[in-house]
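A quick write-up on the structure given underneath.
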């Protein structure tokens with residue numbers, strides 16, 4: 001069994017966090033530090049959109065369109081920050097071999113968040129959302145190639161963050177006026193665009209929702225799914241069971257991101273108990289990746305976030321012991 005985090009962490013010191021992550025978890029990752037300007041997950045995605053230009057408005061990121069494809073000052077700043085972070089990773093991971101995870105905002109969450117040049121969300125325009133997904137796929141491929149060049153011993157995994165996809169599927173994303181909702185997207189349509197970003201490297205799709213669309217994730221080519229165990233409904237567990245038995249790796253969010261820190265037995269219990277209730281193979285349980293419930297950017301301090309990461313390996317021991325005794 002292995003451990004990793006889900007991307008975001010508190011504070012602004014990428015160097016210190018990179019040092020920590022190269023030893024604190026089994027699958028280190030390039031941290032997102034949203035306390036920094038242009039350090040949030042959306043800005044990270046905009047930074048890799050080399051085929052599309054965008055600028056930052058009071059309401060968020062907006063495609064600029066028109067005949068001038070040059071990046072705005074904000075987009076150039078986002079790219080510069082990402083390049084600086086990669087410089088730090090290259091330096092500190094010199095000689096590193098093993099798994100290494102990158103995070104990117106998924107095409108549907110981007111489409112439900114980024115605005116068109118004329119206003120409203122990219123989600124409103126079928127052509128624009130495909131263009132956005134294709135640009136994201138191209139940019140992600142270049143990003144993965146760049147990290148492979150800088151850290152040649154790394155076995156890259158890409159985490160695609162899709163917190164907005166359940167709302168897209170349910171037709172719950174508000175229009176610009178706020179008086180109505182964007183039309184829902186069906187499962188095959190969601191798979192079509194999501195599958196564009198799963199080919200650059202083995203991909204785990206992360207969605208902290210009560211009913212994450214697991215079937216959409218697996219049909220899109222994801223090799224893993226990342227969920228908050230505390231939120232899952234019974235129907236979601238049924239999909240998790242099917243996916244796990246089919247070989248999809250479960251990234252189980254067990255350590256809460258805020259509030260009192262549980263002990264390892266308390267943190268592991270929801271997973272172990274439900275696994276036994278469903279009668280699932282204990283050998284599959286041993287292959288699960290243990291994570292925090294979600295990103296740790298909301299942790300009140302670096303020390304608190306570090307304590308939650310340190311707890312992961314203790315949880316692994318408890319889950320492994322339970323698998324052996326099941």
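In UniProt numbering, the protein residues as written are 1 to 326. Note that CB positions come from ideal geometry on N, CA and C, so glycine has one too.
Exercise for the section: Specify the secondary structure class of residue 104 as computed by DSSP and reduced to three states. Expected result: Residue numbering aside, residue 104 sits at position 104 when the chain shown is read from its first letter. Residue 104: strand per DSSP, three-state reduction.
Problem - Inter-residue Cα distance where the pair is residue 276 and residue 286 - result: Within the chain shown, the letter at position 276 stands for residue 276. Within the chain shown, the letter at position 286 stands for residue 286. A straight-line Cα-Cα distance of about 13 angstroms links residue 276 and residue 286.
Problem - residue 10 beta carbon less than 7 angstroms from that of residue 297 - result: Translated into positions along the chain shown, residue 297 becomes position 297. Translated into positions along the chain shown, residue 10 becomes position 10. In this structure, residue 10 lies closer than 7 angstroms to residue 297 by Cβ.
Problem - Helix, strand or coil at residue 62 [DSSP, three-state] - result: For this step, residue 62 is matched to residue 62 along the chain shown. Residue 62: strand per DSSP, three-state reduction.
Handout entry: Every unbroken alpha helix (DSSP H) within the region 186-231, with a cutoff of 4 residues, ordered by chain
Key = Entirely contained in the region 186-231, the alpha helix (DSSP H) runs reaching 4 residues are, in chain order, 187-194 and 214-219.
Exercise for the section: Reducing DSSP to helix, strand and coil, say where residue 326 ends up. Expected result: By one-based count along the chain shown, residue 326 stands at place 326. Residue 326 falls in the coil class under three-state DSSP.
Problem - Alpha carbon of residue 281 to alpha carbon of residue 229, nearest angstrom - result: Numbered from 1 along the chain shown, position 281 holds the residue referred to as residue 281. Numbered from 1 along the chain shown, position 229 holds the residue referred to as residue 229. Their backbone Cα atoms lie some 18 angstroms apart in a straight line.
Practice task
Using the Cα positions of residue 46 and residue 78, report the straight-line distance between them to the nearest angstrom.
Solution key: Against the chain shown, residue 46 aligns to sequence position 46. Against the chain shown, residue 78 aligns to sequence position 78. One C-alpha to the other measures close to 7 angstroms.
Exercise for the section: Give a yes or no on whether the C-beta atoms belonging to residue 111 and residue 138 are separated by under 7 angstroms. Expected result: As a position in the chain shown, residue 111 is number 111, starting the count at 1. As a position in the chain shown, residue 138 is number 138, starting the count at 1. Not a contact, by the Cβ cut-off of 7 angstroms.
Handout entry: Whole-angstrom C-beta distance between residue 157 and residue 197, which should lie under 8 angstroms
Key = Reading the chain shown from its first residue, position 197 is the one you call residue 197. Reading the chain shown from its first residue, position 157 is the one you call residue 157. Not a contact, Cβ separation roughly 13 angstroms.
Practice task
Say whether the region 117-137 touches the region 37-51, bearing in mind that this needs 3 or more beta-carbon pairs closer than 8 angstroms, one atom from each stretch.
Solution key: With the cut-off at 8 angstroms, the region 117-137 and the region 37-51 touch.
Exercise for the section: Please say whether residue 191 and residue 226 have beta carbons closer to each other than 7 angstroms? Expected result: As a position in the chain shown, residue 226 is number 226, starting the count at 1. As a position in the chain shown, residue 191 is number 191, starting the count at 1. No, they are not a contact pair.
Problem - C-alpha gap between residue 243 and residue 270, whole angstroms - result: Taking the chain shown and counting its residues from 1, the one referred to as residue 243 is at position 243. Taking the chain shown and counting its residues from 1, the one referred to as residue 270 is at position 270. Pairing residue 243 with residue 270, the inter-Cα distance amounts to about 18 angstroms.
Practice task
Grab the span of the alpha helix (DSSP H) containing residue 18 for me, first residue to last.
Solution key: Residue 18 sits at position 18 when you count from the first residue of the chain shown. Going by DSSP, residue 18 is part of the alpha helix (DSSP H) stretching over 14-24.
Handout entry: Reduced DSSP category for residue 56 - H, G, I as helix; E, B as strand; rest coil
Key = In the chain shown, residue 56 corresponds to position 56, counting from 1. Residue state, collapsed to three classes: strand.
Handout entry: Burial state of residue 97, where buried means 16 or more other Cβ atoms lie within 10 Å
Key = On the chain shown, position 97 is the one that residue 97 refers to. Sixteen is the threshold: since fewer than 16 other Cβ atoms of the shown chains lie within 10 Å of the Cβ of residue 97, the residue is exposed.
Problem - Assigned exposure category for residue 44 - 16 Cβ within 10 Å defines buried - result: Here residue 44 refers to the residue found at position 44 of the chain shown. When all chains shown are included, residue 44 counts as buried.
Exercise for the section: Return helix, strand or coil for residue 139, following the three-state DSSP convention. Expected result: Taking the chain shown and counting its residues from 1, the one referred to as residue 139 is at position 139. Helix.
Problem - Nearest-angstrom Cβ-Cβ length linking residue 311 and residue 264, presumed shorter than 8 angstroms - result: To locate residue 311, count along the chain shown from 1; it is residue 311. To locate residue 264, count along the chain shown from 1; it is residue 264. At roughly 6 angstroms, the Cβ-Cβ gap stays under 8 angstroms, so residue 311 and residue 264 are in contact.
Practice task
Return yes when the Cβ of residue 120 is within less than 7 angstroms of the Cβ of residue 176, no when it is not.
Solution key: Position 176 of the chain shown, counted from the start, is the residue given in the question as residue 176. Position 120 of the chain shown, counted from the start, is the residue given in the question as residue 120. For residue 176 and residue 120, yes; Cβs fall inside 7 angstroms.
Exercise for the section: Please report how far the alpha carbon of residue 326 lies from the alpha carbon of residue 279, in whole angstroms. Expected result: Working through the chain shown from its first residue, we reach residue 326 at position 326. Working through the chain shown from its first residue, we reach residue 279 at position 279. Roughly 10 angstroms separates the two Cα atoms.
Problem - Cut-off 6 angstroms between Cβ atoms - residues of its own chain near residue 12, not counting five sequence neighbours on either side - result: By one-based count along the chain shown, residue 12 stands at place 12. Counting only Cβ-Cβ distances below 6 angstroms, and skipping sequence neighbours, we find 33, 35 and 36.
Practice task
Out of 245, 224, 303 and 142, state which residue places its alpha-carbon closest to the alpha-carbon of residue 291.
Solution key: As a first step, residue 291 is located in the chain shown; it is residue number 291 there, counting from the start. Residue 224 is the option with its Cα nearest to residue 291.
Handout entry: Close Cβ partners of residue 114 (< 8 angstroms) along its chain, the five nearest in sequence each way excluded
Key = Taking the first residue of the chain shown as 1, we reach residue 114 at position 114. If we look at residue 114 and ignore the five residues flanking it on each side, its Cβ neighbours are 42, 46, 54, 60, 61, 62, 63, 121, 122 and 132.
Practice task
Report back the beta-carbon spacing between residue 101 and residue 27 to the nearest angstrom; my notes put them in contact at under 8 angstroms.
Solution key: Along the chain shown, one-based indexing puts residue 101 at 101. Along the chain shown, one-based indexing puts residue 27 at 27. Your pair residue 101 and residue 27 checks out as a contact, with CB atoms roughly 5 angstroms apart and the cut at 8 angstroms.
Exercise for the section: Check the C-beta distance from residue 169 over to residue 130 and give it rounded, since I have them as a contact under 8 angstroms. Expected result: Along the chain shown, read from residue 1 onward, the residue named residue 169 stands at position 169. Along the chain shown, read from residue 1 onward, the residue named residue 130 stands at position 130. Wrong, their Cβ atoms sit about 17 angstroms apart, outside the cutoff.
Practice task
Measure the Cβ-Cβ separation of residue 248 and residue 203 and say whether it is below 7 angstroms.
Solution key: The sequence position of residue 248 within the chain shown is 248, counting from 1. The sequence position of residue 203 within the chain shown is 203, counting from 1. No, these two residues do not count as a Cβ contact at 7 angstroms.
Handout entry: Top-ranked residue by Cα proximity to residue 274, from 237, 189, 17 and 283
Key = In the chain shown, the residue the question calls residue 274 occupies position 274. In terms of CA proximity to residue 274, 237 leads the group 237, 189, 17 and 283.
Exercise for the section: Starting from residue 249, trace the beta strand (DSSP E) both ways and give me its first and last residue. Expected result: Locating residue 249 in the chain shown gives position 249, where the first residue counts as 1. Looking at the DSSP string, the run of the beta strand (DSSP E) that includes residue 249 is 249-255.
Practice task
Mind checking which residues open and close the beta strand (DSSP E) that includes residue 242?
Solution key: Along the chain shown, one-based indexing puts residue 242 at 242. No beta strand (DSSP E) contains residue 242, which is instead part of the alpha helix (DSSP H) from 234-245.
Practice task
Output the distance between the C-alpha atoms of residue 91 and residue 84, rounded to the nearest integer angstrom.
Solution key: What you label residue 91 is simply residue 91 of the chain shown in a count that begins at 1. What you label residue 84 is simply residue 84 of the chain shown in a count that begins at 1. In this structure, the alpha-carbon of residue 91 lies about 11 angstroms from that of residue 84.
Practice task
Spatial neighbours of residue 141 within its chain, please: CB distance less than 6 angstroms, with the 5 preceding and 5 following residues excluded, ordered by chain position.
Solution key: By 1-based counting over the chain shown, the position of residue 141 is 141. For residue 141, where only same-chain residues beyond five positions count, the Cβ hits under 6 angstroms are 200.
Exercise for the section: With residue 285 as the anchor, note down where its alpha helix (DSSP H) starts and where it stops. Expected result: As a working mapping, residue 285 is identified with position 285 in the chain shown. Start and end: 282-285.
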